[in-house]
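Residue 55 in full-length UniProt numbering sits at position 55 of the sequence shown, and the numbers go up by one each step.
One structure below.
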Amino acid sequence: MGIWIQAKTLAKSPDAYRQIAIESKDERNILIANQAKAKAYDSMIYIFAALLLTFSLMGVDAVLVLMLVGCYLLVVGISIYYRIKFDKEM
């Protein structure tokens, strides 16, 4: 739906469409976005670990803590999977 609205809006202005297409495919913008995601992921790992430790020390229900631990391990597992996958490709 959003793509359709964007196409209708940009059909009236081909210069704006061309500029958006160039910016979305620009290697510098892609690199910046990927670095921002990497920094956010690195921060998330430490914040999530601190949250798990805090919840366990506060005596929160064990089921909730175990669910959070499962999510944490899932994120770390996905990270390891993609690291191995990209290492094989490059």
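Yeah, the Cβ is synthetic: ideal placement off N, Cα and C, and Gly gets one too.
Residues near tyrosine 17 by beta carbon distance below 6 Å, same chain, minus five either side: Leu10
At the level of alpha carbons, what is the spacing between alanine 50 and proline 14? 49 Å
Taking the alpha-carbon positions, what's the leucine 52 to serine 43 distance? Cα-Cα distance, rounded: 14 Å.
Pairwise C-alpha distance: glutamine 19 and aspartate 26: 10 Å
Give the C-beta separation of valine 63 and serine 56 to the nearest angstrom, bearing in mind that I take them to be a contact with Cβ-Cβ under 8 Å. Actually they are not in contact, since the Cβ atoms of valine 63 and serine 56 sit about 12 Å apart, beyond 8 Å.
Which of the three DSSP states, helix, strand or coil, is assigned to valine 65? helix
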